[in-house]
Amino acid sequence: MEDKELKHEFELERVILFSDAVFAIIITIMILDVKLPEGLKHASADEIKHAFKELMPKLFAYMASFGLIGVFWTRHLKIFKNLRDYDMKLVAGNLFFLFVISLFPFAISTITSGLTLNNYWTVDIYLGIILTGIFAQTIIIGHIVKHKEKLSFNPEAIEDILKWKAMKYNYFIYPLAMITLIVLTIIQVEPTFIMYTLVVYALAIRVISNKYYPVKKKLKLKEEEIESQIAIDN
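Here the sequence shown stands for residues -9 to 224, where the numbers follow my numbering.
Following this line, the structure appears as structure tokens:
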């Protein structure tokens, strides 16, 4: 029995290490496209200045993507550190999530290939990847909650730890956001306004999350946890 548990623990660790490797590779690939053009060794000051100006959108896109991938990785870490076992559906869900995240370099390449935010499809691709990444993590969390007795260390608290009451709304908000994104693109709304789709999405999730998991409640629980730890130490 103990050997079987150790085997599962080792296999789960492999899933986590594989995921971390994919994240690292994605970030590395993205930065490869952010480079100055060749032939600037004997360029004039104006030419160098122009080259840096042309590079700025690529650099900002990389910085934004790095931050977003960091958020996804942090969330992924929080999810998997609460697991004691896995099943093939969890592995499949994780692979789908990693596939979506692996599309970030493609989104960056659309910018480095000469497309800008003035191009509707560039915005669609980028926002679609972000929204689908959030939805993919929702699928993973939903599966863990459904099979919490088998998969998690703390079945009683896993829903609160992963904020499932708020996250499950993604099943309704995600399709609505994607439809809105497509409609705004078809009617050729200014790309800047299309970006607000993500802002509205984030605000909706924040409002729902604060409804079920208010900050004051979290602070109170943290204080109680600290007091309990002090009592144990004494």
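Every residue, glycine too, gets a C-beta built ideally from N, C-alpha and C.
What separation, rounded to the nearest whole angstrom, lies between the Cα atoms of residue i and residue j?
i       : j      : result
Met(-9) : Arg74  : Low local confidence applies: a pLDDT of 49 at Met(-9) is under 50, so the model's placement there is unreliable, and no value is given.
Met157  : Pro47  : 32 Å
Asn224  : Phe162 : A caution first: Asn224 carries a pLDDT of 46, below 50, which makes its placement in the model unreliable, though a value can still be read off. C-alpha separation (whole angstroms): 49 Å.
Glu180  : Leu171 : 12 Å
Thr187  : Glu1   : 39 Å
Lys68   : Leu152 : 8 Å
Glu44   : Leu166 : 35 Å
Ala54   : Arg65  : 17 Å
Ile38   : Asp23  : 18 Å
Starting from the C-beta of residue i, find all residues in its chain whose C-beta is less than 7 Å away, skip the five residues before and the five after it, and write them out in chain order.
i      : result
Thr133 : Thr is not the amino acid found at residue 133; the sequence shown has His there. Once the five neighbours on either side are set aside, the close Cβ partners of His133 are Lys79, Leu80, Gly83.
Val5   : Tyr76, Val81, Asn84
Ile16  : Ile59, Ile91, Ser92, Phe94, Pro95
Ile115 : Ala97, Thr100
Ile148 : Asn72, Ile134, Val135, Lys138, Ser142
If you drop the 5 nearest sequence neighbours on each side, which residues of the same chain put their C-beta closer than 6 Å to that of residue i?
i      : result
Phe125 : Asn160, Tyr164
Thr128 : Met157, Asn160
Count the other C-beta atoms from every protein chain shown that fall within 10 angstroms of the C-beta of residue i, then say buried if there are 16 or more, exposed otherwise.
i      : result
Leu7   : exposed
Ser34  : exposed
Thr18  : exposed
Phe203 : First, the residue type needs correcting, since residue 203 is Tyr and not Phe in the sequence shown. Exposed, by the Cβ-count rule.
Phe50  : exposed
Leu193 : exposed
Quick one: measure Cβ to Cβ for residue i and residue j, integer angstroms, because I've assumed they're closer than 8 Å.
i      : j      : result
Val113 : Ile184 : 5 Å
Phe87  : Ile130 : 6 Å
Could you name the residues of the same chain whose beta carbon sits closer than 8 Å to that of residue i, not counting the 5 residues immediately before and after it, in chain order?
i       : result
Glu(-1) : Arg74
Ile21   : Tyr52
Ile120  : Leu58, Leu188
In chain order, what are the residue ranges of uninterrupted alpha helix (DSSP H) at least 4 long that sit wholly in the segment 62 to 105? For secondary structure counted as the alpha helix (DSSP H) over 4 or more consecutive residues, the segment 62 to 105 holds these complete runs in sequence order: 78 to 91, 94 to 102.
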